[in-house]
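Reading through the structure tokens given below for one structure.
Chains as they are written, first to last, in the working numbering: chain A, 1453 to 1610; chain R, 2 to 477.
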């Protein structure tokens, strides 16, 4: 059955999306929302074969579109990482990991593999978050990180 | 010496909480408290905002049930404008709420609670999760995910791809359902009905093997509250308030939600940021009441759709008067999913559903407006007071988890009394699992506003009255 995922922008080229960018975070907590902002910026580029998905938090139903992609980039804000945009390869997490309303990318990859039969190649793109107070405005650091993240996604896509 | 056992955090619920078990000198459980340790402050920081912005702001309270806040907020705006919204706008709001009930209940039943009662209480925590469920029954896990997807799909088709769509607005909704969207929804229905049937089959076996849990997981007399139609039919978005007691007798009926404060009082406990509402005529804490699926099925007389009505009859036979066992919240969720699917199916054949007259307009005709809607976890109230320019002077939100707060305390205490006797710091994990599941029956939503990466460990502390940690167990 074909259907559109919540928050998922279809590829504009008519081909099956092979490269999925998932930006997640709370857009009302300033830099925590940088992940969705990156996904929106990528969507605006209308890149062939690229789909984007934005959500506040990862949850089980996202395993289906993840399993249907060939490559996935999870984009998130980070508060405990070095002060630079980091792109790290991901592998499915241990299946003993807890599963709550929200999950982490490794858990989602494991869920995609276990339930839908395929875990795509995946990366975790983290952007340093400087401000997490109430508001929708990104800090200058997160704004710079957003631009760099979009560039890294374009480079990764090739 | 009195002691206190702390379970911190409680896992597989939405948000962060901890449980304290108070032991008497003999080591038996004397009392229990469910603490919510997050502070949100939405009511305060919304003051001064235009009321029309609230449907855009309040869904951010929660990433799991944003639709509930969206709809309650829009309804409060309707009341401030003193308008009746166009019929199709009402149907579309209802359709979105049904999608919300389906997706939320599917997550609760299949992925948060089923691992406990399908895999067994003694199953070690690392296996007693959705991956354990996949190992035990992959198709069930997959079907559960797909059912949740369906509910999300309904929301997304109406809300147009936004994370928190400000689609419902005071006076109606912003955009219609398209023919394409209707056909997508219709296309999902056979699979969704089949999944629910599978879940019912599974649940009936679960009831046979979990009589003990049914009898002690929050099985106590209390009041129940929910919205019902004028003829007593199950409601989820309109209707008026009804309270019943544990004998099944109606003690208050057709209470206008605009005047909820005449029947609901709000108590604040020093130990938690969660408010403890109670039925005002009985006072606190005697006015304890439960909301959510169990309560809604207790207060209604029929579901209004045939398949769910057949299940409701079976459900009501489980109680003498009201069904008082909180373990049966799970059963009630399944019945509500089934009813939601039937109502969705009905809307797909409704010629009005594609109409594009969707919004009534008016100025400020009332300085106070209340919006009430049934969130998956129970009745949600948004109460706004505005000035003549429509700027908010006061906001009061009453959420389901708060209304179930007293019941959750009693549930935890009841389970703990049964399983923890004479504990001297050594609390076997299966006992903690049961206490946690007692909370999970209510599917509490504590609305984390930021997400965290990584695992949540479970910390159990036995604390003496003087604050000394007698023993500590950390898992995860």
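Think of the CB as a built atom: it goes at the ideal place given N, C-alpha and C, for glycine as much as any other residue.
Source: prediction; values computed, not measured.
Residue environment: residue 314/R is assigned as exposed (fewer than 16 neighbouring CB atoms within 10 Å of its CB, all protein chains considered). Between the region 376 to 393 of chain R and the region 18 to 30 of chain R, the count of C-beta pairs closer than 8 Å stays below three; the two stretches do not touch.
Comparing C-alpha distances from residue 1478/A to each of 1506/A, 1499/A, 1494/A and 1607/A shows the shortest one belongs to 1506/A.
Excluding residues up to 5 positions away in sequence, 6, 30, 33 and 417 lie with their Cβ nearer than 6 Å to the Cβ of residue 22/R in the same chain.
Comparing C-alpha distances from residue 346/R to each of 92/R, 79/R, 45/R and 59/R shows the shortest one belongs to 92/R. Using a CB distance below 9 Å, no part of the region 321 to 350 of chain R faces chain A. Collapsing the DSSP output to three states places residue 267/R in a strand.
Listed along chain A, the residues sitting closer than 8 Å to residue 143/R by beta-carbon distance are 1567 and 1568. Collapsing the DSSP output to three states places residue 221/R in coil. Shortest Cα-Cα distance from residue 339/R to any of 363/R, 62/R, 191/R and 118/R involves 191/R. Comparing alpha carbon positions, the residue from 1476/A, 1516/A and 1471/A closest to residue 1563/A is 1516/A. Beta-bridge partners assigned by DSSP to residue 32/R: 23/R. At a cut-off of 8 Å between C-beta atoms, residue 404/R does not count as an interface residue with respect to chain A. Contact between the region 1519 to 1536 of chain A and the region 1474 to 1490 of chain A is present: three or more C-beta pairs spanning the two stretches fall below 8 Å. Beyond the five residues adjoining it in sequence on each side, residue 1542/A comes within less than 8 Å, by CB distance, of 1526, 1557, 1558, 1561, 1574, 1575 and 1576 in the same chain, given in chain order. Under a 10 Å Cβ-count criterion, residue 89/R is classified as buried, with 16 or more other Cβ atoms of the shown protein chains found around its own Cβ. Counting of Cβ neighbours within 10 angstroms places residue 358/R among the exposed residues, the total staying below 16. Contact of residue 1580/A with chain R is not assigned, every C-beta pair being separated by 8 Å or more. Bounds of the beta strand (DSSP E) holding residue 252/R are 251 to 256. Put simply, the backbone Cα of residue 1511/A is about 12 Å away from that of residue 131/R. Beta-carbon to beta-carbon, residue 1580/A and residue 1536/A are separated by about 7 Å, close enough to satisfy the 8 Å threshold. Excluding residues up to 5 positions away in sequence, 277 lie with their Cβ nearer than 7 Å to the Cβ of residue 270/R in the same chain.
With a contact defined as Cβ atoms closer than 8 Å, residue 148/R and residue 207/R miss out at about 17 Å. For chain R, the residues of the region 1470 to 1494 of chain A that bring a beta carbon within less than 8 Å of one of its beta carbons are 1476, 1477, 1478, 1479, 1480, 1481, 1484 and 1488, in chain order. Of the candidates 200/R, 80/R and 300/R, 300/R places its Cα closest to the Cα of residue 236/R. In the three-state reduction of the DSSP assignment, residue 406/R falls in the helix class.
Contact check between the region 226 to 235 of chain R and the region 207 to 217 of chain R: fewer than three CB pairs, one atom from each, fall below 8 Å, which does not count as touching. By the beta-carbon neighbour count (other beta carbons within 10 angstroms, threshold 16), residue 210/R is exposed. Where residue 316/R is concerned, the enclosing alpha helix (DSSP H) starts and stops at 307 to 317. By alpha-carbon distance to residue 222/R, the top candidate from 411/R, 445/R, 435/R and 441/R is 411/R. By the neighbour-count criterion, in which 16 or more other beta carbons inside 10 Å mark a residue as buried, residue 1566/A falls on the buried side. The beta carbon of residue 131/R sits closer than 8 Å to some beta carbon of chain A. Of the candidates 56/R, 27/R and 35/R, 56/R places its Cα closest to the Cα of residue 385/R. Interface annotation, residue 213/R: not in contact with chain A, CB-CB separation never under 8 Å. In this structure, the CA atom of residue 369/R is about 27 Å from the CA atom of residue 1587/A. For residue 185/R, the enclosing alpha helix (DSSP H) begins and ends at 180 to 210.
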